[in-house]
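First the structure, in the form of C-alpha cells, and then the observations on it.
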Amino acid sequence: MDARPEYASLERIFGEALEQAQDGKGKERHAEAGEPFENQIILEVTRRLQKSPVAFSLGQAVKKIYETVNLGDYDAIQELYGAINYIGAAIIRYKELCKDA
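To convert, note that position 52 of the sequence shown is 41 in the numbering used here; the numbers rise steadily by one, no gaps.
Laid out in C-alpha cells, this is it:
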C-alpha cells in the first residue's frame, strides 16, 4: 500500500489486520490449510445469514462454535458459553420483533 502521509497510521492498522488474518488468530481459528480468505468461514457465514434480522448474533455464535475445533476443552467450553449468549441475544431480538412470542 502507498498511503498518503496523513493516512500512515491507518495503513499500519491494515497491515496489522492482514498479519492477524494470514499469520495470527485468524489463521489459527478460521482457516483450513491453504484456504483462500474469500472461502473461509468468516465470509461463508456472512453469505448464508445475510437476510436474517439477527445475522450478527447468529454469525458470532457460529464463529464461536467453529472455533472450538482447535481449542482445548476448557477454552472450548468458554467459547460455547459465548455462543449461547449470542443465541440468547438473537432470541431476545426475535421476541422484540414478534408479537406472538
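Glycine is no exception: its CB is placed at the ideal position from the N, C-alpha and C atoms. It should be emphasised that the depicted structure is a prediction, and the values quoted were computed from it without experimental measurement.
Annotated as proximal: A50 and Y75, with beta-carbon spacing under 9 Å. For the pair G48 and T35, the CB atoms are nearer than the 9 Å cut-off. Judged by DSSP in its simplified three-state form, V43 adopts coil rather than helix or strand. In the three-state reduction of the DSSP assignment, G48 falls in the helix class, which pools H, G and I. Taking the Cβ atoms as the reference, I54 lies roughly 5 Å from A72, within the contact range of under 8 Å. Ranking R(-7), D64, Q11 by CA distance to the CA of G23 puts Q11 first. A Cβ-Cβ contact shorter than 9 Å links E0 with A(-8). Only buried fits E68, as 16 or more other CB atoms lie within 10 angstroms of its CB. Nearest Cα to Q29 within the set S41, E8, K52: K52.
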